[in-house]
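K.L.:
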Amino acid sequence: MSPVDKIGDRRIDLAWLMLVLLSVGGAGIGSADANAVLVAVGVSLVMAIKLRLVCTYFLELHEAHPRIRRAVLAFCHGMPILVTLTTAFGDTLSRLTGALIG
743 MSPVDKIGDR
753 RIDLAWLMLV
763 LLSVGGAGIG
773 SADANAVLVA
783 VGVSLVMAIK
793 LRLVCTYFLE
803 LHEAHPRIRR
813 AVLAFCHGMP
823 ILVTLTTAFG
833 DTLSRLTGAL
843 IG
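Sequential numbering from 743 applies to the sequence shown in our numbering.
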């Protein structure tokens, strides 16, 4: 195994360790008895970091077609924002979507 391969394996190992630690931290944040919006922001930050780690080290997006890369990165950045907005404005969004559908 070349030194370059060892460095690459080391990065993946560290990324995996970070994912495990962030999962435990996210569970701790999610079970906190704090304001719902603050919990959602904390969970969203953990989610954003985890999504970025997965996209960077495990999905090999640098080799993907630019459209696919943009779509996946939009998902990675959009989901934490949507989680926070849904928690903060859930009742309003529910009324709006109910008015649009029915």
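Ideal Cβ placement from N, Cα and C applies to all residues, glycine included.
CB Thr-829 to CB Ala-769, shorter than 8 Å?
P.N.:
Taking 8 Å as the Cβ cut-off, Thr-829 and Ala-769 do not qualify as a contacting pair.
K.L.:
Using alpha carbons as the reference points, say which of Asp-775, Leu-803, Gly-767, Tyr-799 lies closest to Ser-786.
P.N.:
For Ser-786, the nearest C-alpha among the options comes from Gly-767.
K.L.:
For Leu-793, count the other beta carbons within 10 Å of its own beta carbon; 16 or more makes it buried, fewer makes it exposed. Which is it?
P.N.:
With 16 or more Cβ atoms within 10 Å of its Cβ, Leu-793 is classed as buried.
K.L.:
Taking Phe-800 as the reference, give the member of Ala-757, His-807, Arg-752 with the closest Cα.
P.N.:
Cα-wise, what sits closest to Phe-800 is Ala-757.
K.L.:
Between Val-825 and Arg-809, what straight-line distance do the alpha-carbon atoms span, to the nearest angstrom?
P.N.:
Each residue's Cα considered, the two are about 24 Å apart.
K.L.:
Please tell me whether Leu-803 and Val-814 are closer than 8 Å, where the distance is taken between their beta carbons.
P.N.:
Yes. Within cutoff.
K.L.:
Grab the span of the alpha helix (DSSP H) containing Asp-833 for me, first residue to last.
P.N.:
It spans 832-843 - the alpha helix (DSSP H) in which Asp-833 sits, taken as one unbroken run.
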